[in-house]
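Residue numbers (the UniProt record's numbering): 1 to 271. Using N, Cα and C, we set each Cβ at its ideal position, and we do this for glycine too.
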Amino acid sequence: MTQEQLSLSGLTRQFGVTRAVDDVSLDIPAGQFVGVIGRSGAGKSTLLRLINRMTEPTSGKIHFGGTEVSALRGRALRQWRRDCAMIFQQFNLSDRLDVLTNVLVGRLAEHGFVSSMLMHFTDAERTMAIEALDRLSLVPQALQRAGTLSGGQQQRVAIARALVQRPRIMLADEPIASLDPANATLVMDSLRRINREDGITVLVNLHTLDTARAYSDRIIAMRDGRVFFDGKPRQLTDDVVRDIYGSDAFGAFDHDVTSTAPRHVGVAAYA
Ligand SMILES: Nc1ncnc2c1ncn2[C@@H]1O[C@H](COP(=O)(O)OP(=O)(O)OP(=O)(O)O)[C@@H](O)[C@H]1O
Numbered sequence: 001m002t003q004e005q006l007s008l009s010g011l012t013r014q015f016g017v018t019r020a021v022d023d024v025s026l027d028i029p030a031g032q033f034v035g036v037i038g039r040s041g042a043g044k045s046t047l048l049r050l051i052n053r054m055t056e057p058t059s060g061k062i063h064f065g066g067t068e069v070s071a072l073r074g075r076a077l078r079q080w081r082r083d084c085a086m087i088f089q090q091f092n093l094s095d096r097l098d099v100l101t102n103v104l105v106g107r108l109a110e111h112g113f114v115s116s117m118l119m120h121f122t123d124a125e126r127t128m129a130i131e132a133l134d135r136l137s138l139v140p141q142a143l144q145r146a147g148t149l150s151g152g153q154q155q156r157v158a159i160a161r162a163l164v165q166r167p168r169i170m171l172a173d174e175p176i177a178s179l180d181p182a183n184a185t186l187v188m189d190s191l192r193r194i195n196r197e198d199g200i201t202v203l204v205n206l207h208t209l210d211t212a213r214a215y216s217d218r219i220i221a222m223r224d225g226r227v228f229f230d231g232k233p234r235q236l237t238d239d240v241v242r243d244i245y246g247s248d249a250f251g252a253f254d255h256d257v258t259s260t261a262p263r264h265v266g267v268a269a270y271a
């Protein structure tokens, strides 16, 4: 095992009789860009939430390098959550705070209770936040209220906030599902650039197959909580796609939002 490999072994999460994630075993090397696809309810969100320990596994283990993540408690668990930045579909920004402060919120986990309450940040942290905004081309908006930005800009603020956490893994749960095509492309390009430049492992849940194909080193398709396909985008044949999405196939291609993503001819035939 390489030092920073993420490994899931027999990972299972049951809700009542539903096995949302069912005996999933995966090795994800450091720096990989992984697209997770599958129809609604396949277990994609639960898988990401298990990895950052927002959801507890019913059974199975998670390792990162030499650490058993699934056994972490207390301070070590909080550190792990810092190591795994999470990006959500709905951005989760404070609309009334300015963009810079929203980014600085990514540093709060490093602060004690009082300095968190007072939102006191050091000059070094402000510099870090401006640098993160610069990477997302958002410096001109730094002092604007987050709520006044477009959805795509807000999602890039959320990525900047994740960056200042200095994460080792980025988990993105449907990050472009609410965005128009141009903004979706900017957000996916940003995730990809950070992945390449910083070597941060990225796992991103996507509804749109062509986006997954265009950006991912590896695609994992889930079906009924299990890994149904695991391979390179070019290995994802039309027959596999049909099996993944079943009668939901139309839904998978309805809202392909990344305008620059090359359309796959076979898949376009379904749409
Ligand atoms: N907290 C919960 N309590 C009960 N059942 C849950 C809970 N979270 C998820 N489930 C169930 O687990 C299964 C997998 O859900 P999950 O949200 O992980 O799927 P998904 O692939 O992310 O779907 P979507 O694309 O619609 O978000 C579903 O049947 C869902 O209803």
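Comparing the CB of residue i with every heavy atom of ligand 3, is any distance shorter than 8 angstroms?
i     : result
ARG39 : Ligands present in the displayed structure are limited to ligand 1, and ligand 3 is not among them.
On the criterion of 16 or more Cβ atoms from any shown chain inside 10 Å, does residue i qualify as buried, or is it exposed?
i      : result
MET119 : exposed
THR211 : buried
THR127 : exposed
PHE121 : buried
SER40  : exposed
ASN92  : exposed
Cβ of residue i within 9 angstroms of Cβ of residue j?
i      : j      : result
SER59  : LEU6   : no
ASN183 : GLY152 : yes
SER25  : HIS63  : no
LEU191 : ARG213 : no
LEU143 : VAL105 : no
ALA217 : GLN32  : A small fix is needed here, since residue 217 is Asp in this sequence, not Ala. The answer is yes: Cβ separation under 9 angstroms.
THR46  : ARG13  : yes
What's the gap between the Cα of residue i and the Cα of residue j?
i      : j      : result
PHE250 : PHE228 : Confidence in PHE250 is poor, its pLDDT being 48 and thus under 50, which makes the residue's placement unreliable; the coordinate value appears in the next sentence. Spanning the two alpha carbons is a distance of roughly 19 angstroms.
ALA42  : VAL21  : 8 angstroms
ARG81  : ARG49  : 10 angstroms
LEU179 : ARG156 : 11 angstroms
PHE88  : ALA172 : 6 angstroms
VAL267 : LEU97  : Confidence is the limiting factor: at VAL267 the pLDDT is only 34, short of 50, which leaves the residue's position unreliable, though a coordinate-based value still follows. Approximately 42 angstroms between the Cα atoms of the pair.
LEU209 : ILE37  : 7 angstroms
VAL241 : GLY231 : 12 angstroms
THR18  : ARG193 : 37 angstroms
ASN102 : ASP134 : 14 angstroms
ILE130 : VAL139 : 7 angstroms
ALA177 : GLU125 : 31 angstroms
LEU206 : HIS111 : 33 angstroms
LEU77  : PRO233 : 33 angstroms
VAL164 : ARG107 : 6 angstroms
GLY246 : ASP239 : 10 angstroms
To the nearest whole angstrom, what separates the beta carbons of residue i and residue j, a pair I think is in contact under 8 angstroms?
i      : j      : result
ALA30  : GLY199 : 7 angstroms
MET222 : VAL202 : That belief does not hold up - the Cβ atoms of MET222 and VAL202 are roughly 17 angstroms apart, past 8 angstroms.
ILE244 : VAL34  : In fact, because the Cβ distance is near 16 angstroms, the residues do not count as touching under 8 angstroms.
PRO181 : VAL204 : About 17 angstroms; that fails the 8 angstroms criterion.
Against chain D, does residue i count as a neighbour if the rule is that its beta carbon must be under 9 angstroms from one of theirs?
i      : result
GLN155 : The structure shown contains no chain D; it is built from a single protein chain.
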